[in-house]
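Enquirer:
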Amino acid sequence: MMAEFGAFALMLGLACAIAQTGLSIAARVRRSSVLAAAGEGAALASFASVAISFAVLMHGFVVSDFSIANVAANSHTEKPLLYRVAGTWGSHEGSILLWDLALTAYGAAMALFGRSLPRSLKAVAVATQGALGTVFLAYTVFASNPLARLAQAPVEGRSLNPLLQDPALAVHPPFLYSGYVGMSVIFSLAVAALVEGRVDAAWARWVRPWALAAWSLLTIGITLGAFWAYYELGWGGWWFWDPVENASFMPWLVTTALLHSAIVTEKRGALAGWTVFLGLAAFSFSMLGAFLVRSGVLTSVHAFAVDPRRGVLLLMILGVTSGAAFSLFAWRAPKLGQGGVFAPVSRESALVLNNILLAAATATVLLGTLYPLIREALTGEAISVGPPYFNLTFTPLMAALILVLPAGPLLSWKRGDAVGVAQRLWAAAAVALLAGLAAYAIVSPRKAFGALGLMLGAWLIAGAVAELVERTRAFRVSAAESWRRLTGLPRGAWGMTFAHLGLGVFVLGACFETGWRAEAAETLPLGGSLDVGAYHLTLDSVTAVEGPNYDADRGLIVATRNGKPVCRAEPERRLYLANAQTTSEVAICDRGPSHLYIVLGEKRNAGGVPVWLVRAYWNPWAVLIFLGPVIMALGGLISLSDRRLRLGVPRRREQPA
Amino acid sequence: MRLPALLAALAGVLCIAAAADPAERLPDPAQEAHARALFRDVRCLVCQNESIDDSEAPLAGDLRGIIREQVKAGKSDAQIKGYLTDRYGQFVLMKPTFDPGNLALWAGPFLVVAFGLFLLLGRLRNRQPDVELSKAEADRLERLSREGRP
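Order-wise, the sequence lines are chains A and B. Our numbering applies: residue 3 is where the first sequence begins, and numbers increase by one. Our numbering applies: residue 18 is where the second sequence begins, and numbers increase by one.
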């Protein structure tokens, strides 16, 4: 009965989404607050229904109800509870249901918390959100039912892929999806602004909290995915320019651009059309990502739950929703005003430059992802676009962005003072240059790359500090006065400083790790050893251990540096019994911000003596690669807590005719 | 069934960085490093978007063997890549070539930057100079600021 109840709740959710759309449109047309309230009620009901359906599916996974096809295909009774729960979103059907849950949750949140929005704008936005909900819920109900029953329930399920049985990956989809789908609110607000024909400072400020929340969640989601790849795939890589990664990266880049252009719209009334365009683009890229990941049109190292037949439906959803929104944009955008004027050297110019470079970066990722498809369709010739392409295109664009970044916050609106900014940044430039020179002396083998990367990272961090110094007038007024200014800074300013600082930390880690990593691999007998970086590793023992749903060989590898033991690593090689799959469980020794990364490989036979293939990597400053984005997301959340966002902009008084 | 097929496809992902295997290595470290650099630019044709440096698939192993032999024989990078593309087409290279068919791919990102800068410059050039206040406006401002004072 449970599964049928859940399926019924899902259909009820669809019905409520349709009602939400219809009632809210009627509310806008008739300017009726009663109908608007009914539409908002429907949004809440839609969310409640989908949440019930989601809870039913999760219950099915937790109690291992194998009469539900989805559970039978993706779960197993011996799987630990955490992974049974995470199995809810481990399949195509489950992940789409998670998408629906997030979509209706945002709709409900907009209905509840959108009190400061003008009535007509809110009605259109709620209607748009309802239309999105209708489309995706219809897809779920009719083409991707997560609660379909099997006529004969199997005794045991087929289990989840062991690679996915990992804490970071268990929570990765909820973060990623709440980020992806968070863009839907911006999309709905953008559509509403186009319908109403007015994009002003107040609109930009309403968009801001949603964009900040979605951006922060997406940042965390992507970082979790990268971290998972880093320690689970077993060779220490964290970003592969894989289509699936690109699919999540494009909405992130667009939202980053949006956060910056929305500031210009909010403070100076300029770039209104462009900000709306980015708002539509962000969710379109989210939907494109869902299509690319789920349809399997692109080969990827981590495409899970692929189904080409449903891919066509997802492509149609993308085409219809984005097509309609961008048509509306083409029709209405010319009516949006130009906004305030600004000089070539001004904060506006810096932010426009930021947007140009981020747009170009997005175009690069989009081209690199889709070009093989396009070229094959046109000429029949298959090509590959791999990491070397992105290193030659994306990386220089980002380097240019990083070069101008610290100047942006120091420039004043309208007309900036280039000489004054240079005076405030000379110390930061000196720090960056010294860091670069030091790196050139130390780093090997990729000296130039390491030095440039370190210089850019140090430039960002020192630039963020210089900006704080400027805001607090440190060294120019008394320390007490500086402290008072520092504690009085608005949260939004802190958020920006943290986000820029986090980017600097990430750049430091990424460039150091890429330029300076060392690798070693040997087949070792017991007692055998190998050297990596400054470390000496000895294979002490290998023992058989039994996990909840796997058998494993666990190695004990002792790492010493200058003769002193520094770490006892216990990497495992696991055999998952349910699907006879072998995985490597990496051991990572923390050495300050750096990692000693050790993998136990297959057992071989060398003249009657058992030997094991042991691989070890020295990954300098690897921690910063993941710490940086966490600091960035934290910046987003700090900015989100700024009270100016909660208060909103005073409503503009109607001018008497 | 799509699940077993998926798992089979994933099996290639599991035990990676196969190129580091000491059993395959060339005796000369410089040649070995050169071969490893080449591996990263060559796609494992049967895998899901991996270079042969990473893949443990048998075909990737064969390709590594061929490339190591050619490096040992002193062939240039261009010769080795030519050998691979003659047999497997452009698909085998992770870095697309700079040929006219890939013009949009390589030029696209920089065209977007150029177009954006063009729009920005147009916007900056068309801005109206800050207009001086007219006599009436100046008087009004003066009156208003005087009213503001106690």
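Backbone N, C-alpha and C fix where the C-beta goes; we use that ideal spot for every residue, glycine too.
Does any residue of chain A have a CB that is nearer than 9 angstroms to the CB of Asp94/B?
Expert: Not closer than 9 angstroms to any Cβ of chain A, the Cβ of Asp94/B fails to qualify, so no.
Enquirer: Going along the chain, which residues of the region 128-161 of chain B sit with their C-beta nearer than 7 angstroms to a C-beta in chain A?
Expert: Result list: Val129, Val130, Gly133, Leu134, Leu137, Leu141, Arg144, Gln145.
Enquirer: How about Val421/A: is its C-beta nearer than 9 angstroms to some C-beta of chain B?
Expert: No, because no Cβ of chain B sits closer than 9 angstroms to the Cβ of Val421/A.
Enquirer: Any beta carbon from chain A within less than 9 angstroms of Pro46/B's own beta carbon?
Expert: It does not; no Cβ of chain A falls within 9 angstroms.
Enquirer: How is Ser118/A classed by DSSP in three states: helix, strand or coil?
Expert: Helix at Ser118/A.
Enquirer: Taking the runs of the alpha helix (DSSP H) that are 4 residues or longer, which of them lie wholly in the region 423-481 of chain A?
Expert: 449-474, all fully within the region 423-481 of chain A.
Enquirer: Kindly give me the distance between the Cβ atoms of Val143/A and Leu196/A, rounded to whole angstroms, as I take these residues to be in contact under 8 angstroms.
Expert: Actually they do not touch by this definition, with Cβ atoms about 29 angstroms apart.
Enquirer: Counting contacts by CB-CB distance shorter than 9 angstroms, is Thr267/A in contact with chain B?
Expert: Closer than 9 angstroms: no.
Enquirer: Rounded to the nearest angstrom, what separates Met289/A and Leu43/B at their Cα positions?
Expert: Straight-line Cα distance between these residues: approximately 47 angstroms.
Enquirer: State buried or exposed for Leu413/A, treating a residue as buried only when at least 16 other CB atoms are found within 10 Å of its CB.
Expert: It counts as buried.
Enquirer: DSSP has Tyr578/A in a bridge; who is on the other side?
Expert: Note: Tyr578/A sits in a beta bridge opposite Tyr552/A, Gln583/A.
Enquirer: For the candidate residues Gly603/A, Val544/A, Arg645/A, whose alpha-carbon lies nearest to that of Trp237/A?
Expert: It is Gly603/A whose Cα lies nearest to the Cα of Trp237/A.
Enquirer: If I measure Cβ to Cβ from Phe344/A and keep anything under 8 angstroms in the same chain, skipping five residues before and after, which residues do I get?
Expert: Counting only Cβ-Cβ distances below 8 angstroms, and skipping sequence neighbours, we find Arg270, Ala272, Glu350, Ser351, Trp415, Lys416, Arg417.
Enquirer: The beta strand (DSSP E) that contains Val129/B, what's its start and end?
Expert: Unbroken run through Val129/B is the alpha helix (DSSP H), 120-143; no beta strand (DSSP E).
Enquirer: DSSP on Ala90/B, reduced to helix/strand/coil?
Expert: Three-state DSSP puts Ala90/B in coil, outside helix and strand.
Enquirer: Straight-line CA distance for Gly530/A to Ala589/A?
Expert: Going from the Cα of Gly530/A to the Cα of Ala589/A covers about 18 angstroms.
Enquirer: In chain B, which residues lie with their C-beta within 9 angstroms of the C-beta of Ile383/A?
Expert: Looking at the sequence provided, one finds Glu at residue 383/A rather than Ile. Going along chain B in sequence order, the residues near Glu383/A (Cβ under 9 angstroms) are Gly106, Gln107, Phe108, Gly118.
Enquirer: For the region 358-386 of chain A, which residues have a beta carbon sitting closer than 8 angstroms to at least one beta carbon of chain B?
Expert: Within the region 358-386 of chain A, the residues whose Cβ lies closer than 8 angstroms to some Cβ of chain B are Ile358, Leu359, Ala361, Ala362, Ala363, Ala365, Thr366, Leu369, Gly370, Tyr373, Arg377, Thr381, Glu383, Ala384, Ile385, Ser386, listed in chain order.
Enquirer: To be precise: take each residue of the region 71-100 of chain B, compare its Cβ to all Cβ atoms of chain A, and keep it if any distance is under 8 angstroms. Which residues remain?
Expert: Residues Asp71.
Enquirer: Leaving out five residues on either side along the sequence, give the residues of the same chain with a beta carbon under 6 angstroms from the beta carbon of Ala127/A.
Expert: Answer for Ala127/A: Ser190, Leu191, Ala194, listed in chain order.
Enquirer: What residues of chain B sit near Glu158/A, judged by a beta carbon separation below 7 angstroms?
Expert: The contacting residues do not exist; Glu158/A stays about 14 angstroms from chain B at best.
Enquirer: What residues are listed by DSSP as bridge partners for Glu49/B?
Expert: DSSP, once it has assigned bridges, lists no residue as partnering Glu49/B.
Enquirer: Using only alpha-carbon positions, find the residue among Ile640/A, Arg606/A, Phe229/A that is nearest to Asp168/A.
Expert: Out of Ile640/A, Arg606/A, Phe229/A, Phe229/A has the C-alpha closest to the C-alpha of Asp168/A.
Enquirer: Is the number of C-beta pairs between the region 6-17 of chain A and the region 30-43 of chain A that are closer than 8 angstroms three or more?
Expert: Judged by Cβ distances under 8 angstroms, the region 6-17 of chain A makes no contact with the region 30-43 of chain A, as fewer than three pairs qualify.
Enquirer: Ser596/A bridges to which residues according to DSSP?
Expert: Per DSSP, Arg593/A.
Enquirer: Can you tell me which of Val322/A, Leu470/A, Ala40/A, Ala53/A puts its alpha carbon nearest to the alpha carbon of Arg493/A?
Expert: Answer by Cα proximity: Leu470/A.
Enquirer: Starting from Arg163/B, find everything on chain A with Cβ-Cβ shorter than 8 angstroms and list it in chain order.
Expert: By Cβ distance, chain A contributes nothing, its closest Cβ being about 25 angstroms from Arg163/B, past 8 angstroms.
Enquirer: Under 8 angstroms: do the region 447-456 of chain A and the region 504-515 of chain A share three or more Cβ pairs, one atom per stretch?
Expert: The region 447-456 of chain A is in contact with the region 504-515 of chain A.
Enquirer: Would you tell me roughly how many angstroms separate the C-alpha atoms of Ser151/B and Leu137/B, rounded to the nearest one?
Expert: Rounded to the nearest angstrom, the two C-alpha atoms are 30 angstroms apart.
Enquirer: Does the CB of Ala512/A have a neighbour CB from chain B at under 9 angstroms?
Expert: Not closer than 9 angstroms to any Cβ of chain B, the Cβ of Ala512/A fails to qualify, so no.
Enquirer: In three-state terms, what does DSSP make of Thr545/A?
Expert: Three-state result, Thr545/A: strand.
Enquirer: The beta strand (DSSP E) spanning Pro82/A covers which residue range?
Expert: Element bounds for Pro82/A: n/a, residue is neither H nor E.
Enquirer: Give me the residue from Glu378/A, Arg160/A, Cys18/A, Leu100/A with the minimum Cα distance to Val299/A.
Expert: Out of Glu378/A, Arg160/A, Cys18/A, Leu100/A, Glu378/A has the C-alpha closest to the C-alpha of Val299/A.
Enquirer: Rank His262/A, Gly109/A, Ala204/A by C-alpha distance to the C-alpha of Phe49/A and give the top, closest one.
Expert: Checking every option, the nearest Cα to that of Phe49/A belongs to Gly109/A.
Enquirer: Tell me, to the nearest whole angstrom, how far the beta carbon of Asn76/A is from that of Gly92/A; I am working on the premise that it is less than 8 angstroms.
Expert: Contact holds; Cβ gap of about 5 angstroms.
Enquirer: Take Leu359/A as the anchor and find which of Leu219/A, Ala140/A, Asp542/A, Ala402/A has the nearest alpha-carbon.
Expert: Checking every option, the nearest Cα to that of Leu359/A belongs to Ala402/A.
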